[in-house]
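Asker: Residue numbers (my numbering): 265 to 672.
Heads up, the beta-carbon is just placed ideally off N, CA and C, and yes, glycines get one too.
Remember, it's a predicted structure, so these values are computed and weren't measured experimentally.
Take a look at the following structure, please.
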């Protein structure tokens, strides 16, 4: 038989007897020819793994049935970046995301309606995509502030990705005087102009060519540059009567002066001023050294505790300089310190200059430059905030200030 189906026909027969003529007979008949429907089966792709950024190609395998075939995905999803050729059963493309992806593939052959039970087959498969493109995240520079004329150092942070990295500024601009090391992500230099500078930085990992957007990251940052804290040319140097040594403030005369400020031992004006002006030295961010709301008697007692510390008494030296600034400013403490031998004026010791010598760079300043006493106290507060306070440098600076203007 060459075709399937049911074929109806009539059969007739005639004989010849030799006497009385011939006889005939007939019958209606049918023959059914069954279709040949070879079983159809589908198998998963030969390659069940791939990697992000690398070209992938593998075929679904069909056996039996009657060509041509039509392939499809009837459930689940292929890995992102891959697609199915419906005519060939080839799954191909470049994966864009790692993970395990399960899906159901289907094939339909050309046998048509005569082979209802065999004309399609399905199979459930999975493809595992490994990632050679780990997520990369760029963080802003570690130091968000700087000062004109003062050395600046900050660096970007990178999490994830594939080293080595390449850094760049893709929009905006760094402050004048600063530059970016494209290999390390370090920004350094000496700022020349005050202002707030906003810029977009970019980092590319070693896999950026094969991973596209998975191989780089951008972040918008800003650096604020404050005006120079260097004093004006007319700034006066410290003289006797501008400050006092820590021994004075620990002694009976110094303790008595602290207790007499702004109306007496219970006044909290000095403590509030210290906390507001220097929050990381003596304020809300100073831990046990917080003097906010403390009375004069409590400030005096705190000084004695700081004085009794072994080794470098850098906090006592710092507080002594701040006390000198306060008691010599008539707007803050009136003229009460005159009787104790201090030079009192509307400007006070805070505007007087001191040369930091070789301690400048360690304190985040320039070596051998003059700075006002108030500016140096503010710098110490800033370094406390930034977590890079050098006790040795500031102990040397404030000890020099206190001795330089000692009124005794």
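Pull up the DSSP beta-bridge partners for residue 272, would you.
Answerer: Bridge partners of residue 272: 294.
Asker: Measuring straight from C-alpha to C-alpha, what distance separates residue 546 and residue 538?
Answerer: Between the alpha carbons of residue 546 and residue 538 lies a gap of roughly 6 Å.
Asker: Judging by CA-CA distance, which residue of 531, 529, 541, 670 is the nearest neighbour of residue 586?
Answerer: 541
Asker: Is residue 574 buried or exposed, if buried means 16 or more other CB atoms sit within 10 Å of its CB?
Answerer: exposed
Asker: Output yes or no for whether 8 Å exceeds the beta carbon distance between residue 322 and residue 305.
Answerer: no
Asker: What residues in its chain sit with their C-beta under 7 Å from that of residue 341, if we drop five residues either side in the sequence?
Answerer: Here the set comprises 365, 367.
Asker: Excluding the five sequence neighbours on either side, which residues of its own chain have a C-beta within less than 6 Å of the C-beta of residue 428, listed in chain order?
Answerer: 470
Asker: Go ahead and pull the three-state DSSP assignment for residue 599.
Answerer: coil
Asker: So, are the CB atoms of residue 317 and residue 445 less than 8 Å apart?
Answerer: no
Asker: What are the boundary residues of the beta strand (DSSP E) that residue 241 is part of?
Answerer: The first residue shown for the chain is 265 and the last is 672, placing residue 241 beyond what the model contains.
Asker: Do you know how far the Cα of residue 419 is from the Cα of residue 508?
Answerer: If you take the alpha carbons of residue 508 and residue 419, they lie about 40 Å apart.
Asker: On the DSSP bridge assignment, give the partners of residue 327 in chain order.
Answerer: 305
Asker: Relative to the C-alpha of residue 276, which candidate in 270, 286, 504, 292 has its C-alpha closest?
Answerer: 292
Asker: Taking all protein chains shown into account, decide if residue 271 is buried (16 or more other Cβ within 10 angstroms of its Cβ) or exposed.
Answerer: By the neighbour-count criterion, in which a residue is buried when 16 or more other Cβ atoms sit within 10 angstroms of its Cβ, residue 271 is exposed.
Asker: Indicate the three-state DSSP secondary structure (helix, strand or coil) for residue 478 in the structure shown.
Answerer: helix
Asker: Can you find the residues in the same chain that come closer than 8 Å, C-beta to C-beta, to residue 440, ignoring five residues on each side of it along the sequence?
Answerer: 455, 456, 457
Asker: Take residue 296 and list the residues in its own chain whose beta-carbon comes closer than 7 Å to its own, dropping the five residues that flank it on each side.
Answerer: 270
Asker: Give the C-beta separation of residue 635 and residue 668 to the nearest angstrom, bearing in mind that I take them to be a contact with Cβ-Cβ under 8 Å.
Answerer: Incorrect: roughly 13 Å between the Cβ atoms, too far for contact.
Asker: From this set, 613, 301, 583, which residue's C-alpha is nearest residue 373's C-alpha?
Answerer: Sorting 613, 301, 583 by C-alpha distance to the C-alpha of residue 373 places 301 at the top.
Asker: According to DSSP, is residue 593 helix, strand or coil?
Answerer: strand
Asker: So is residue 704 buried or exposed if we call it buried at 16+ other beta carbons inside 10 Å?
Answerer: The question about residue 704 has no answer, for the chain in this structure spans 265 to 672.
Asker: Among 501, 564, 502, whose alpha-carbon lies nearest the alpha-carbon of residue 529?
Answerer: 564
Asker: Got a sec? Which residues, its chain only, sit under 6 Å from residue 371 by beta carbon, not counting five neighbours each side?
Answerer: Sequence-distant partners of residue 371 (beyond 5 residues in either direction) whose C-beta falls short of 6 Å from its own C-beta, in its chain, are 306, 326, 333, 335, 385.
Asker: Look at the alpha carbon of residue 453 and the alpha carbon of residue 467, and state the distance between them as a whole number of angstroms.
Answerer: 21 Å
Asker: One question on the structure: do residue 355 and residue 346 come within less than 8 Å of each other, judged by their Cβ atoms?
Answerer: yes
Asker: Quick one: what's residue 618 bridged to in DSSP?
Answerer: 635
Asker: With a cut-off of 8 Å on the beta carbons, I'd call residue 597 and residue 525 a contact; round off their distance for me.
Answerer: 5 Å
Asker: By how many angstroms is the C-alpha of residue 407 removed from the C-alpha of residue 650?
Answerer: 8 Å
Asker: Would you mind sorting residue 557 into buried or exposed? The rule is 16 or more other CB atoms within 10 Å of its CB.
Answerer: Exposed is the call here.
Asker: Give me the residue from 583, 604, 294 with the minimum Cα distance to residue 273.
Answerer: 294
Asker: Can you find the residues in the same chain that come closer than 6 Å, C-beta to C-beta, to residue 475, ignoring five residues on each side of it along the sequence?
Answerer: For residue 475, where only same-chain residues beyond five positions count, the Cβ hits under 6 Å are 317, 397.
Asker: Starting from residue 333, follow the alpha helix (DSSP H) in both directions and report where the run begins and ends.
Answerer: Looking at the DSSP string, residue 333 is not in any alpha helix (DSSP H), and its letter there is neither H nor E.
Asker: Measuring CB to CB, does residue 324 end up less than 8 Å from residue 353?
Answerer: yes
Asker: Taking the straight line between their C-alpha atoms, what separation do you get for residue 588 and residue 405?
Answerer: 37 Å
Asker: Could you give the uninterrupted runs of the alpha helix (DSSP H) lying entirely in the region 458-546, keeping only those of 4 residues or more?
Answerer: 472-475, 510-514, 516-524, 533-541, 543-546
Asker: So which of 303, 566, 447, 392 has the shortest CA-CA distance to residue 519?
Answerer: Per the Cα distances, 566.
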